[in-house]
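Protein chains in written order, with my numbering: chain A, 86 to 503; chain B, 293 to 707.
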Amino acid sequence: MKKGFFLLFCFILTSFSFLLADESIIAIKNARILTVTQGMMDRGTLIIRGDQIHKVGEDLEIPQRARVIDASGCVVTPGLIDSHSHLGLGPSGGITEDNEMSDPCMPQLRIIDSIHPHGMPPHEGSFRDAVREGVTTVIARPGSGNVIGGQSAALKLTGDTVDEMILVFPVDMKMAMGRKNYYASKGKLPVTKMGTAYIVRKAMTEALNYRDRLQRKKKNNPDFTPERNLKYEALLKVLNREIPVHIHASPGNDIMTAVRLAEEFDFYKLSLAHAVESYRVADILAQKGVIVVVGPQMVTFDEEGKLINIADYLVKHGVEVNIMTDADVVQQEFLRFQASVAVKYGMNPSEALKAITINPARLIGMEERIGSLEKGKDADLVIFDGDPFDIQSEVRKVFINGKTVYKYTPSPENEGIQ
Amino acid sequence: MKNKIFSWWGCFLILLWFIPFLHSAESSDVLVVRGGKILTISHGTIENAEILIEDGKIKKVGPRIQIPENSELIQAPKGWILPGLVVPHTILGTGNRYGSSDANETSNPNTAQLQIIDAVNPFDKDIHHVLTGGVTTAMVTPGRKNVIGGQSAVLKLKGSTVDQMCLRCPGGVKFSLGKGPKSTYGKKGRLPSTRMGSAYVIRKAFHEAEAYLKKIQKKSKGQLSPPRNLKLETLAKVRNKELTAFIECYRVDDIMTALRIIDEFDLKAVLVGCTEGYKVVHEIAERKVPVIVGPLGVGPRRMETRNVRVNNAAALAGAGVKIAIKPDESLGVGRIRELPLIASFLVKGGLDRSQAFRAITLSAAEIMSVDDRVGSIEPGKDADLVIFDGDPLYYKSHVQRVMINGETVYLKNEQ
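Structure follows, in structure tokens:
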């Protein structure tokens with residue numbers, strides 16, 4: 086009896102898989118394809134099979150059963166990646182779920198425990214809005230209210246639970262330099278910038294002591310099972326070079342404090358957020374291999390009033406750059422327009438595209454899966470009807486893991502207008 | 293006494309000595325700007341034409357203008373020339389977002405008597421940075437934390453004292469509904485802790501102003517004049533339509549509260565923000581209340597502006613509402629110095645291109661009642677011009693030159 090059911094099941098499965106095969110092969114043809122890592126094709130074809138990119142090339146044979154999308158006049162890019170976002174964590178300036186303000190040192194917190202996969206008010210629908218502008222992956226981060234904010238997560242913007250969305254967790258440890266007004270107003274450590282640096286140093290030292298103590302006890306007694314300490318365990322991931330560190334630092338002195346801490350505790354990889362004054366120390370950052378995530382402020386002015394296009398300046402000085410929205414400081418869906426500002430003031434468009442695709446992918450160690458259009462990578466891609474950085478261009482289609490997650494319909498915004 | 297006469301003579305002599313210099317200065321004050329496209333805003337677009345400027349005013353606009361001898365010529369054969377851009381609502385120059393702002397006097401929810409000019413720092417670097425984006429005129433207003441914030445000022449972005457910058461001071465009175473005052477005073481357990489509390493603060497203030505006005509009118513019949521009251525004096529001017537009420541409101545309920553107050557006191561008013569305006573376009577249109585739209589769907593999304601839509605401006609303009617744009621102060625693509633980019637977003641949201649250009653120039657000037665001086669390129673107006681190297685709504689176009697009163701205040705190559 087059981088066997089009969091099994092056979093029937095197999096039969097149904099095979100007959101359906103035949104039909105499914107049709108849907109799971111998609112060929113996008115006649116498109117200008119920006120592969121990011123392997124140059125640009127003027128009239129290329131991209132074949133998706135299942136959840137992966139099967140082939141990208143100029144004169145590809147299109148499989149017979151493929152669903153064909155004619156993308157003449159359109160531009161195809163990898164799905165956009167925002168390497169610094171607070172999407173789904175509460176409104177800017179309102180009650181937020183990304184700052185646990187009960188203690189300035191909270192490495193044990195995990196951002197995934199705060200994220201509502203459809204967004205909290207006023208973020209309902211904000212994940213969908215982000216996808217509509219081509220954002221397919223974000224790195225959700227704890228806020229900068231605390232010195233050590235917690236562990237960040239890389240999420241794909243598809244799924245009904247945060248667990249389905251997780252691409253990498255923990256992706257890195259979030260810290261924030263500078264003054265912490267909330268604690269300063271209470272006269273509680275840290276009141277100053279040096280207080281902030283001390284909190285990191287103190288926590289790291291304690292974690293190292295914890296590690297030493299455990300190792301010693303284990304040496305004496307191999308069966309020893311330690312009492313768990315979530316805080317130190319989290320910090321040991323940093324100290325054991327398992328996860329990188331992402332530090333919020335804007336003025337030049339905060340940037341260098343971050344660099345000092347990274348050297349003192351031998352961070353696996355350091356990336357800086359905002360880093361408005363990073364242009365003043367660009368050579369140092371380049372030499373030390375520090376990655377800078379620029380935004381939401383894209384340009385600044387030096388003492389003589391000269392405009393500095395931060396991302397462009399850093400790239401020209403050999404620093405690897407990502408571009409971010411800091412959503413919802415700038416809305417998540419405007420990621421590509423953050424890059425437009427950099428392009429407007431002289432950044433090479435291909436460098437700007439890298440800063441919102443392959444560079445963030447590399448930042449989280451996912452460059453084998455996302456961030457460019459190459460054979461074998463996740464089929465996360467966006468079809469634009471023109472220059473992706475032009476404000477007037479529209480997104481036509483977005484795919485995540487080979488599935489269409491957004492399809493353009495003329496002015497969807499007009500719904501509900503009386 | 294003798295001394296005084298002496299000094300008068302001295303002055304006269306000095307003036308006499310200056311006359312020849314004044315004359316020569318005047319003759320070199322003739323300036324011609326030649327451009328590929330001149331967007332006059334008021335009279336369409338003229339291709340390959342000139343603008344004749346004398347004494348800082350526009351004298352003539354058109355193709356093949358006779359150019360006077362000795363006049364200075366500025367050539368921009370591929371340039372797009374626009375009137376200086378106008379921002380009708382900002383806290384520019386009142387302190388930056390990293391420090392404390394001087395735009396909110398949160399000691400009382402009604403501070404109509406305050407003047408924003410007393411908070412503006414002409415040397416604030418932000419002012420120059422905004423100028424380099426093509427903005428030549430801006431209305432600086434008190435912030436949104438008080439229900440009645442005080443008197444705003446329409447300023448030209450040039451000058452070393454605020455008095456030199458003033459184009460129209462006061463430019464209006466700032467009101468604010470919704471979360472701004474509610475959260476500021478609610479936290480302290482003071483009025484207004486609610487939206488109805490904010491509305492009451494305004495209604496009470498206008499009734500007091502009315503009583504004050506009556507007392508003044510009685511005075512002419514030989515009675516004692518009432519003591520001067522700076523707060524009520526200001527509100528009385530709003531009540532008499534001498535000053536425009538700029539009412540910041542975002543949610544649809546706050547917009548309707550603003551309209552109710554406008555109806556009740558018959559105010560000359562402008563709505564500021566108006567995020568959910570698209571829900572009540574006809575209510576706004578039938579009252580002919582102009583709207584300064586912002587945020588535009590390109591800046592931060594606060595709780596109050598959660599329903600922001602990039603087509604809000606287009607929906608309002610489509611119903612015949614006069615619109616201008618309120619950019620965000622410092623971040624992202626909605627930044628104040630990226631005003632043309634914001635206009636480009638509105639075009640994406642369905643706004644007509646010419647309406648978008650008008651929104652950042654003449655409409656804004658009209659809303660602030662300074663359209664006799666700025667906002668378009670036509671004879672008699674101030675020679676405030678911006679020259680772009682291409683279509684200003686295209687994201688790669690740049691500001692090449694900015695002029696205020698015929699004087700070049702920014703030149704790109706100089707950077």
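Even for Gly, the Cβ is constructed at its ideal location relative to N, Cα and C.
- Relative to the Cα of A/Glu146, the nearest Cα in the group A/Ala292, A/Ile111, A/Val121 and A/Thr221 belongs to A/Ile111.
- Collapsing the DSSP output to three states places B/Met595 in a helix.
- The DSSP-derived three-state label of A/Arg447 is helix.
- Contact between A/Gln137 and A/Gly461 holds: CB atoms are separated by about 6 Å, below the 8 Å threshold.
- Of the residues assessed, A/Pro495 falls on the exposed side of the cut-off, its CB having fewer than 16 other CB atoms within 10 angstroms.
- With contacts defined by Cβ atoms closer than 7 Å, B/Pro462 and B/Pro473 do not form a contacting pair.
- In the three-state reduction of the DSSP assignment, A/Ile408 falls in the strand class.
- According to the DSSP assignment, B/Phe649 belongs to the alpha helix (DSSP H) that extends over Arg645 to Ala651.
- For B/Ser636, at least one C-beta of chain A is nearer than 7 Å to its own C-beta.
- Apart from the 5 residues on each side of it in sequence, B/Gly478 sits with its Cβ closer than 7 Å to the Cβ of Ser485 in its chain, given in chain order.
- For A/Leu466, the beta-bridge partners assigned by DSSP are A/Pro163 and A/Phe484.
- By a beta-carbon distance limit of 8 Å, A/Lys259 contacts A/His331. Their separation comes to about 5 Å.
- Under the Cβ criterion of 7 Å, B/Lys640 is counted among the residues facing chain A.
- Contact annotation for B/Lys417 against chain A: Phe386 and Gly390 [CB-CB distance below 8 Å, chain order].
- Of A/Asp351, A/Arg128 and A/Asp308, the smallest CA-CA separation from A/Asn115 is found for A/Arg128.
- When C-beta distances to chain B are compared with 7 Å, the residues of the stretch 459-483 of chain A below that value are Phe474, Asp475, Ile476 and Gln477, in chain order.
- The Cβ atoms of A/Asp257 and A/Ile328 lie closer than 7 Å to each other.
- Put simply, the backbone Cα of A/Ile200 is about 6 Å away from that of A/Leu174.
- 7 Å or more divides the Cβ of B/Val439 from the Cβ of B/Val378.
- Counting only Cβ-Cβ distances below 7 Å, B/Tyr687 has contacts in chain A at Ser425, Lys429, Phe474, Asp475 and Ile476, in chain order.
- One alpha carbon belongs to B/Thr332, the other to B/Ile343, and they sit about 10 Å apart.
- Contact annotation for B/Leu631 against chain A: no contact, minimum CB-CB distance about 13 Å [criterion: below 9 Å].
- Its Cα nearest to that of B/Thr700, the residue B/Ile366 stands out among B/Ile366, B/Thr337 and B/Asn340.
- A distance below 7 Å separates the beta carbons of A/Ile476 and B/Phe637.
- Neighbours of B/His421 in chain A, taken as residues whose beta carbon is under 7 Å from its own, are Phe386 in chain order.
- DSSP, reduced to helix, strand and coil, places A/Met186 outside both helices and strands of the structure shown, so it counts as coil.
- The beta carbon of B/Val324 sits closer than 6 Å to those of Glu342, Leu344, Ile359, Ser363 and Leu365, all from its chain and outside the five residues before and after it, given in chain order.
- Here B/Ala657 is not bridged, per DSSP, to any residue.
- The straight-line gap separating the alpha-carbon atoms of A/Phe419 and A/Pro311 is approximately 47 Å.
- For A/Ala360, the secondary structure class from DSSP, reduced to helix, strand or coil, is coil.
- For the pair of segments examined, the stretch 182-192 of chain A was found to touch the stretch 220-239 of chain A: the number of CB pairs separated by less than 8 Å reaches three.
- In the structure shown, B/Gly586 falls within a coil segment according to DSSP collapsed to helix, strand and coil.
- Between A/His402 and A/Leu370, the alpha-carbon positions lie close to 9 Å from each other.
- Between B/Ile659 and B/Leu631, the gap from beta carbon to beta carbon reaches 7 Å or more.
- An exposed status is given to B/Ala503, since fewer than 16 other beta-carbon atoms sit within 10 Å of its beta-carbon.
- Assigned with DSSP and collapsed to three states, B/Tyr702 falls in strand.
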